[in-house]
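Novice: Next up is a structure, given as structure tokens.
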Amino acid sequence: MDLDESGVHEEGFYSDDPEFREGDIDDPLDEGEAGDDVDHYGDDQVVHSSAGGAVPPHRGGAGKPNEERITTPYMTKYEKARILGTRALQISMNAPVLVPTEGEMDPLAIAQKELAAKKIPLLVRRYLPDGSYEDWSVSELIITE
Numbered sequence: 001m002d003l004d005e006s007g008v009h010e011e012g013f014y015s016d017d018p019e020f021r022e023g024d025i026d027d028p029l030d031e032g033e034a035g036d037d038v039d040h041y042g043d044d045q046v047v048h049s050s051a052g053g054a055v056p057p058h059r060g061g062a063g064k065p066n067e068e069r070i071t072t073p074y075m076t077k078y079e080k081a082r083i084l085g086t087r088a089l090q091i092s093m094n095a096p097v098l099v100p101t102e103g104e105m106d107p108l109a110i111a112q113k114e115l116a117a118k119k120i121p122l123l124v125r126r127y128l129p130d131g132s133y134e135d136w137s138v139s140e141l142i143i144t145e
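Heads up: the sequence shown begins at 1 in UniProt numbering, then just goes up one per residue.
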């Protein structure tokens, strides 16, 4: 099958194969130029508890020691939803399960079992108006319902 000058086959079909010239080939990738995969807001095991899921801009705030916490020890329904969703996503991507599954295959159901057993390895980061934050582990929070 030969192409004519317009790139059309003899039968009237266009060629799907791209035509490459020697100058079209990219240079080999330099790994030093690639972006880093670092979580710039802290540990990747932190679930940010803020309105709309957005991480507030870093204003030089720091975490408070556990003895100086001022927020409630109760997990809100929004934090619970975010924790369960985050953990279910991790489980669906083959993260190790920390409770016996007993044949359960649904990642959300497994995450709910982990939450009931307080075995979820995530932190809830609560931002305060002054720019500081408090980190609570899931095992420290009181879960209602």
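All C-beta atoms in this analysis are idealised placements derived from N, C-alpha and C, irrespective of residue type, glycine included. Predicted, not measured: the structure shown is a model, and the values here were computed from it.
Can you tell me whether DSSP reads residue 108 as helix, strand or coil?
Specialist: What you label residue 108 is simply residue 108 of the sequence shown in a count that begins at 1. It is helical.
Novice: Considering only DSSP beta bridges, list what residue 131 is partnered with.
Specialist: Your numbering for residue 131 matches position 131 in the sequence shown. Bridge partners of residue 131: none, in fact.
Novice: Does residue 72 come out as helix, strand or coil in the three-state DSSP assignment?
Specialist: Indexing the sequence shown from 1 puts residue 72 at position 72. Reduced to three states, the DSSP call for residue 72 is coil.
Novice: Can you confirm whether the region 92–103 touches the region 74–82 when touching is taken to mean that 3 or more C-beta pairs between the two stretches lie within less than 8 Å?
Specialist: Short answer: they don't touch.
Novice: Can you check whether the CB of residue 133 is closer than 7 Å to the CB of residue 63?
Specialist: As a position in the sequence shown, residue 63 is number 63, starting the count at 1. As a position in the sequence shown, residue 133 is number 133, starting the count at 1. Yes, they are a contact pair.
Novice: Please identify the residue among 113, 86, 101 and 123 whose C-alpha is closest to the C-alpha of residue 73.
Specialist: Within the sequence shown, numbered from 1, the residue matching residue 73 stands at position 73. Nearest option by C-alpha distance: 123.
Novice: Where residue 99 and residue 131 are concerned, what is the direct C-alpha to C-alpha distance, given to the nearest angstrom?
Specialist: Here residue 99 corresponds to residue number 99 of the sequence shown, with the count starting at 1. Here residue 131 corresponds to residue number 131 of the sequence shown, with the count starting at 1. So the alpha carbons of these two residues sit roughly 36 Å apart.
Novice: My output table needs one value for residue 123: the three-state DSSP class, helix, strand or coil.
Specialist: Taking the sequence shown and counting its residues from 1, the one referred to as residue 123 is at position 123. Three-state DSSP puts residue 123 in a strand.
Novice: Rounded to the nearest angstrom, what separates residue 106 and residue 137 at their Cα positions?
Specialist: Here residue 106 is taken as the residue at index 106 of the sequence shown, counted from 1. Here residue 137 is taken as the residue at index 137 of the sequence shown, counted from 1. Straight-line Cα distance between these residues: approximately 24 Å.
Novice: Measure the alpha-carbon distance for residue 66 versus residue 135 and round it to whole angstroms.
Specialist: Working through the sequence shown from its first residue, we reach residue 66 at position 66. Working through the sequence shown from its first residue, we reach residue 135 at position 135. C-alpha separation (whole angstroms): 8 Å.
Novice: For residue 85 and residue 108, what's the separation of their Cα atoms in angstroms?
Specialist: The residue labelled residue 85 in the question sits at position 85 within the sequence shown. The residue labelled residue 108 in the question sits at position 108 within the sequence shown. Distance between the alpha carbons of residue 85 and residue 108: 7 Å.
Novice: Is residue 89 buried or exposed, if buried means 16 or more other CB atoms sit within 10 Å of its CB?
Specialist: Residue numbering aside, residue 89 sits at position 89 when the sequence shown is read from its first letter. It is exposed - the Cβ of residue 89 has fewer than 16 other Cβ atoms within 10 Å.
Novice: Can you check which of these residues, 125, 83 and 48, is closest to residue 111 by C-alpha distance?
Specialist: Reading the sequence shown from its first residue, position 111 is the one you call residue 111. The residue with the shortest Cα to Cα distance from residue 111 is 83.
Novice: Does DSSP put residue 137 in a helix, a strand or coil?
Specialist: Indexing the sequence shown from 1 puts residue 137 at position 137. The answer is strand: DSSP assigns residue 137 an E or B state.
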